[in-house]
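S.K.: Under the numbering used here, the sequence shown has 136 at position 136, and the numbering climbs by one with no breaks.
Glycine included, C-beta positions come from ideal geometry on N, C-alpha and C.
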Amino acid sequence: MKKRILLADDDHAVLESLGHVLASENYEVALARTGHEALGKFLTGRADLVLLDLNMPNQDGWRTFDLIETLAPLLPVIIITARPNQYGRAAALRIDALMEKPLDLPLLLATIRKLLAEAETDRIARLTRGDFKTAYLNHPETVNADTER
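1) Three-state secondary structure (DSSP) at D10?
2) In angstroms, rounded to a whole number, what distance separates the CA positions of W62 and L54?
3) With a CB to CB cut of under 8 Å and the five nearest residues on each side skipped, what residues in its chain are close to I5?
4) Would a C-beta distance cut-off of 9 Å place L71 and L43 closer than the cut-off?
5) Starting from D53, follow the beta strand (DSSP E) in both directions and report where the run begins and ends.
6) Roughly how many whole angstroms lie between the Cα atoms of K2 and S24?
7) Only counting the same chain, and skipping five residues up and downstream in sequence, which positions put a Cβ closer than 8 Å to that of R129?
8) Quick one, which of H12, D11, T64, L18 has its alpha-carbon nearest H36's?
9) State yes or no: is the C-beta of I68 within less than 9 Å of the C-beta of L98?
10) Tell whether a beta-carbon distance below 9 Å holds between T34 and N58.
11) When burial is assigned at 16 or more other CB atoms within 10 Å of the CB, is A145 buried or exposed?
This is the structure:
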């Protein structure tokens, strides 16, 4: 099964070009232009990794991250930003990576591969230990079932 990446950015050019690059790398890509749209797509679909811009209308990337992280604390998240002064806040939170625009595509793709591999290794380790609930925390069936209760 293809890994699914949720990409949220209000910049149409970034969204389309990065979405195309990710699709050409054999990822399934869900695109969102706002934080609200990203959260909606997360709740109604599956995400193996989130690429999240900070500066978006309606709901900024930090708030969107907080909501997604509450629902799926093990989900890898990469923050993308044009503001280089965000490293302190990212370090204080459970952000897997923060990358500045313009993006270094080879570095971004290597980071995505690394985070997805680490997440899969962690999931397998949880299954091996019999920790079935947390092994599937990032899967939509678990997230949606938990939010519908």
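M.R.: Answer, in terms of the structure:
1) Coil at D10, not helix or strand.
2) 6 Å
3) Cβ neighbours of I5 beyond the five flanking positions: L22, Y27, E28, V29, A30, A47, D48, L49, V50, L51, I112.
4) A distance below 9 Å separates the beta carbons of L71 and L43.
5) 49-53
6) 12 Å
7) none
8) T64
9) no
10) yes
11) Unreliable positioning characterises A145 in this predicted model, as indicated by a pLDDT of 46, which lies under 50. The coordinate reading is nonetheless provided below. Result: exposed.
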